[in-house]
Amino acid sequence: MQPHLATAIRFVIVLAGVSGLMVLVHRGLRLLNVRREAATGYALITPWLVGFLVFTSFPMIASAYLSFTDYNILQPPNWVGLENFRRIFTRDIDFWPAIRLTLLYAFLSVPIGVAGALVVAMLLANDLRGIGIYRTVYYLPTVLPEVAVALLWRWIFNPQAGLLNRFVVPVFRLFGLSRPDWFGDPTYVLPAFVIISLWGITGVNMVIFLAALKNVPLHLYEVAFIDGAGGWKRFRHITVPMISPVIFLQVVRGIIGALQIFTVYAFTNPTPRAGKFMSFYIYQTGFQQFRMGYASALAWILFAIILVLTLMVLRSSEMWVYYEGERK
Amino acid sequence: MSTVQGAAGGKLAWWESRRTRDTILRSISYVVVIAGAVVLTVPFLWMLSSSLKPAHAVFASPPEWIPDPVMWRNYVDAWTAMPFTRFLINTVFIIALGLSGELLSCTVVAYGFARYRFPGRNVLFIILLSTMMLPYVVTLIPTFLIWRTLGLINTFDPLVIGAIFAWGPFHIFLLRQFMLTVPVEMEEAAIVDGAHTMQRFAYIMIPLIRPALLAVGVFTFQAFWNDFLGPLIYLNDMSKYTMNLGIYFFMGGPAEAPQWHWLMAMSTMLALPVLVLFFLAQRYFIEGLTVTGLKG
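As structure tokens, then:
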């Protein structure tokens, strides 16, 4: 129990330190004649502010710096300029396959995931009998631990005895294809991960869509119905615009999540010949080979990709996202 | 009424009537919803079934859904194959500290953002929201280096101490949204009665936002229970492993043939606490997701 006790003691010390800091911030600001309300406000957000500076801002800057260095932890970082990036783009045999797999996965899983979640949410928004039970079942993928799910998928995709192949093999045979080795054959790795993401459709996204659908005012549908709008038109011209801010948020969250998939990959252990997911490649480079500079450069490339994609969605959102309170 | 007046005023055939169409749509909805429920539960049942089979039956073809004999022993065997009791203690320890740190700090910070006006508040809050979008891979390496400089690699500290600094922007946001719905008058009444900030916070705000606290509690529990990358990077000694890390090494490398009946037993045991928690706190869980999802 030695390590536990040590951590617990340090935890309490840091906790006390942060509380003390809050008091100090308050006293100090009061001495500087800051309004009481403002001083209390700053004091209350101190824990986050310190965390933001120490665990977000500083690491961001540090990792930007490291990406221009060669750093193996044992010797101090050695400035190499753009060498890491030059190497990544021209000589790294793992980089392009990793980018390809990661991006393809995001491009396939995000649209399917968001559209699928919306469809399922619309089905579950109906007042069907026993809907409570179905909803609970549909929450399963959100609730089950990632590691348990990843292990389960590895077993389901098992080429010999996995559940999936017991259904798939006869179909494949009809088309003259042999038994798919999902994680062993590079051809099937991407489809396997897309199938896994399909199962997750009913996760958090669906819960949020379900709530969003309930917030669409009923009278809009009634008016449209009186005007003779059919089901599809009501969906297209009422449902979609009204929940478009939520769709937008889901797309952005989906992109960020899909580009950083890690745990499922680590536990299913697919053949590296299909390419590795970027976050796993970064982990290997940084924490198994201790090439921290190179890994930081990779991380920044991934960050840039996420940023560009998010900005693209943001740009396009002006055309299709409707905010009710907004005036133009 | 066998025919209905259409929108244009003409008579409609029976298959054009609203009621028939409704019935058809409803039946389709039922079929799809039930089919979906089956697709979602079958893998889960497969996990349970595999976990109770004797080793040789796992690969049987055609598959047996009902294990015969039912091997409850798999659970004991899997659990004792590695020091999982120790891993569980470590995990619970991490969750206990992380959860208390996260709840304390996030509520305090959320209270500041919800109730106090100070210069730069909105800018800071937008910064806080934008950190939600920040990919973890960018800060991963320098954060590791910070802990390494402090000499705290291979301790639990990197996994729990950050929680004191409110590291879940999502949780702060959720709590703040909830606090904004509490009428200010209640606190003003307390001010008249002479209550200072911390008293108002503890005796008025906290009891009123209990559902949000429970939601954050459930999310934090889930986040720690699911965390794999953190322990993988920071913990080296097997005696310090968490459940997830233990299972990862229990699974064996790519070359080894995993013991599927044991692994499925472990998966089931890993899922069980979260499932129980979910059924107990389902309402808060859904409410929490809803608040943050809609007002983001």
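Residue numbers (my numbering), protein chains in the order written: chain U, 785 to 1112; chain H, 25 to 320. Cβ coordinates follow ideal geometry from the N, Cα and C atoms, glycine included.
Quiz item: How big is the Cα-Cα spacing for E1102 (chain U) and G241 (chain H)?
Solution: The residue labelled residue 1102 (chain U) in the question sits at position 318 within the first sequence. The residue labelled residue 241 (chain H) in the question sits at position 217 within the second sequence. If you draw a straight line from the Cα of E1102 (chain U) to the Cα of G241 (chain H), it is about 36 Å long.
Practice problem: Assign K77 (chain H) to one of two classes, buried (16 or more other C-beta atoms within 10 Å of its C-beta) or exposed (fewer than that). | Solution: Residue mapping note: residue 77 (chain H) aligns to position 53 of the second sequence, counting from 1. Looking at its Cβ environment, which holds 16 or more other Cβ atoms inside 10 Å, K77 (chain H) is buried.
Quiz item: First and last residue of the alpha helix (DSSP H) that includes T47 (chain H)?
Solution: Within the second sequence, the letter at position 23 stands for residue 47 (chain H). Here the alpha helix (DSSP H) through T47 (chain H) covers 42 to 75.
Quiz prompt | Residue ranges of each alpha helix (DSSP H) within the stretch 810 to 863 of chain U, 4 or longer | solution = Counting whole runs of 4 or more residues, the stretch 810 to 863 of chain U contains the alpha helix (DSSP H) stretches 820 to 836, 842 to 850.
Quiz prompt | Short CB-CB distance (under 9 Å) between Q29 (chain H) and chain U | solution = For the purposes of this step, residue 29 (chain H) is taken as residue 5 along the second sequence, with counting starting at 1. Residue confidence is low: Q29 (chain H) scores 46 on pLDDT, short of 50, so the model does not pin down where it sits. Its coordinate-derived value is still stated next. Output row for Q29 (chain H): interface = no.
Exercise. Run through the stretch 955 to 992 of chain U for me and flag every whole alpha helix (DSSP H) of 4 or more residues, listed as ranges in chain order.
Key: Runs found: 970 to 983.
Quiz item: With a cut-off of 9 Å, does the C-beta of V162 (chain H) fall near any C-beta of chain U?
Solution: Along the second sequence, read from residue 1 onward, the residue named residue 162 (chain H) stands at position 138. So, interface residue.
Quiz item: Helix, strand or coil: how does DSSP classify F243 (chain H) here?
Solution: By one-based count along the second sequence, residue 243 (chain H) stands at place 219. Shown here, F243 (chain H) sits in a helix according to DSSP, grouped into three states.
Quiz item: N910 (chain U) CB to nearest chain H CB: under 9 Å?
Solution: Translated into positions along the first sequence, residue 910 (chain U) becomes position 126. At a cut-off of 9 Å between beta-carbon atoms, N910 (chain U) makes contact with chain H.
Quiz item: Which chain U residues sit within Cβ distance under 8 Å of D181 (chain H)?
Solution: Here residue 181 (chain H) refers to the residue found at position 157 of the second sequence. Within chain U, the residues whose beta carbon sits less than 8 Å from that of D181 (chain H) are T791, R794, F795, listed in sequence order.
Exercise. Examine chain U for any beta-carbon lying closer than 9 Å to the beta-carbon of P278 (chain H), and answer yes or no.
Key: In the second sequence, the residue the question calls residue 278 (chain H) occupies position 254. The predicted model places P278 (chain H) with a pLDDT of 45, which falls under 50 and marks its position as unreliable, so this point remains unresolved.
Quiz item: Secondary structure at S1101 (chain U), three-state DSSP: helix, strand or coil?
Solution: Working through the first sequence from its first residue, we reach residue 1101 (chain U) at position 317. DSSP places S1101 (chain U) in helix when its eight states are reduced to three.
Quiz prompt | Residue ranges of each alpha helix (DSSP H) within the stretch 1049 to 1100 of chain U, 4 or longer | solution = Counting whole runs of 4 or more residues, the stretch 1049 to 1100 of chain U contains the alpha helix (DSSP H) stretches 1062 to 1067.
Quiz item: In whole angstroms, what is the alpha-carbon distance linking L259 (chain H) and L1002 (chain U)?
Solution: Translated into the one-based positions of the second sequence, residue 259 (chain H) becomes position 235. Translated into the one-based positions of the first sequence, residue 1002 (chain U) becomes position 218. L259 (chain H) and L1002 (chain U) have their C-alpha atoms some 53 Å from each other.
Exercise. Check the C-beta distance from M203 (chain H) over to I228 (chain H) and give it rounded, since I have them as a contact under 8 Å.
Key: On the second sequence, residue 203 (chain H) is found 179 positions in, with the first residue counted as 1. On the second sequence, residue 228 (chain H) is found 204 positions in, with the first residue counted as 1. That pair is no contact at about 11 Å.
Practice problem: From the DSSP output, in three-state form, read off L866 (chain U) for me. | Solution: By 1-based counting over the first sequence, the position of residue 866 (chain U) is 82. In the structure shown, L866 (chain U) adopts coil according to DSSP, grouped into three states.
Quiz item: Hey, out of U:G1077, U:V1097, U:S1100, whose CA is closest to T163 (chain H)'s CA?
Solution: Residue 163 (chain H) sits at position 139 when you count from the first residue of the second sequence. Closest option to T163 (chain H), Cα to Cα, is U:G1077.
Exercise. Write down every uninterrupted run of the alpha helix (DSSP H) in the stretch 210 to 274 of chain H whose length is 4 residues or greater and which is fully enclosed by it, in chain order.
Key: The qualifying runs are 221 to 224, 234 to 250, 253 to 258.
Self-check item: D1057 (chain U) versus U:G968, U:Y923, U:R963, U:A792, residue with shortest Cα-Cα distance
Solution: Within the first sequence, the letter at position 273 stands for residue 1057 (chain U). Inspection of the sequence shows that residue 1057 (chain U) is occupied by Arg rather than by Asp. The closest CA to that of R1057 (chain U), considering only U:G968, U:Y923, U:R963, U:A792, is found on U:G968.
Quiz item: Nearest to L837 (chain U) by alpha carbon, out of H:T167, H:P231, H:D261, H:T244?
Solution: Taking the first residue of the first sequence as 1, we reach residue 837 (chain U) at position 53. Across the set H:T167, H:P231, H:D261, H:T244, the C-alpha of H:T167 shows the shortest separation from the C-alpha of L837 (chain U).
Quiz prompt | Where T205 (chain H) sits in the DSSP three-state scheme | solution = The residue given as residue 205 (chain H) occupies position 181 in the second sequence. Reduced to three states, the DSSP call for T205 (chain H) is coil.
Quiz item: What is the residue span of the alpha helix (DSSP H) that Y135 (chain H) lies within?
Solution: Residue mapping note: residue 135 (chain H) aligns to position 111 of the second sequence, counting from 1. Y135 (chain H) -> alpha helix (DSSP H) spans 108 to 139.
Self-check item: Residues of the stretch 1078 to 1101 of chain U with Cβ closer than 7 Å to any Cβ of chain H, in chain order
Solution: The residues in question are A1079, S1080, A1083, W1084, L1086, F1087, I1090, T1094.
Quiz item: What in chain U is Cβ-close to R307 (chain H), meaning under 8 Å?
Solution: Reading the second sequence from its first residue, position 283 is the one you call residue 307 (chain H). By Cβ distance, chain U contributes nothing, its closest Cβ being about 12 Å from R307 (chain H), past 8 Å.
Exercise. Quick one: list the residues of chain U neighbouring F68 (chain H), beta-carbon separation under 7 Å, in chain order.
Key: The count along the second sequence starts at 1 and reaches residue 68 (chain H) at position 44. Within chain U, the residues near F68 (chain H) are L924.
Self-check item: 9 Å Cβ cut-off: residues of chain U touching N250 (chain H)
Solution: Taking the first residue of the second sequence as 1, we reach residue 250 (chain H) at position 226. Under the 9 Å cutoff, chain U gives P929, E930, V931, T1047.
Exercise. Show which residues of chain H have a CB atom less than 8 Å away from the CB atom of V802 (chain U).
Key: If you number the first sequence from 1, residue 802 (chain U) lands on position 18. What V802 (chain U) touches in chain H: S129, I188, F189.
Exercise. Could you spell out where the alpha helix (DSSP H) holding D322 (chain H) opens and where it closes?
Key: Past the edges of chain H, shown from 25 to 320, lies residue 322 (chain H), and the structure says nothing about it.
Exercise. Just the chain H side, please: which residues come within less than 9 Å of R950 (chain U) by C-beta, in chain order?
Key: By one-based count along the first sequence, residue 950 (chain U) stands at place 166. Under the 9 Å cutoff, chain H gives S85, P86, P87.
Quiz item: From U:T791, U:F1071, U:P787, pick the residue whose C-alpha is nearest to that of G321 (chain H); which is it?
Solution: The requested residue 321 (chain H) is not part of the displayed model; chain H covers only 25 to 320.
Quiz item: Counting Cβ pairs, one atom from each stretch, are 3 or more of them under 8 Å apart for the stretch 991 to 1009 of chain U and the stretch 1063 to 1079 of chain U?
Solution: By the Cβ test, the stretch 991 to 1009 of chain U is not in contact with the stretch 1063 to 1079 of chain U, since fewer than three Cβ pairs between them sit closer than 8 Å.
Quiz item: What runs of the alpha helix (DSSP H), each 4 residues or longer, lie entirely inside the stretch 989 to 1029 of chain U?
Solution: Listed in chain order, they are 1002 to 1010, 1015 to 1018.
Quiz item: Roughly how far, in whole angstroms, is the beta-carbon of N925 (chain U) from the beta-carbon of A295 (chain H), given that I think they are within contact range, below 8 Å?
Solution: Stepping through the first sequence from its first residue, residue 925 (chain U) is reached at position 141. Stepping through the second sequence from its first residue, residue 295 (chain H) is reached at position 271. Reading off the sequence shown, one finds Pro at residue 925 (chain U), where the question assumed Asn. Not a contact, Cβ separation roughly 11 Å.
Quiz item: Using DSSP with H/G/I as helix, E/B as strand and the rest coil, what is A279 (chain H)?
Solution: Numbered from 1 along the second sequence, position 255 holds the residue referred to as residue 279 (chain H). For A279 (chain H), the pLDDT reaches just 46, beneath the cut-off of 50, and the residue's location in the model is therefore unreliable, although a value from the coordinates is still provided. DSSP places A279 (chain H) outside both helix and strand once states are collapsed to three, so it counts as coil.
Quiz item: Is any beta-carbon of chain U found at less than 9 Å from that of Y54 (chain H)?
Solution: Taking the second sequence and counting its residues from 1, the one referred to as residue 54 (chain H) is at position 30. Residue-level contact check: Y54 (chain H) touches chain U, since one or more beta carbons of chain U fall below 9 Å from its beta carbon.
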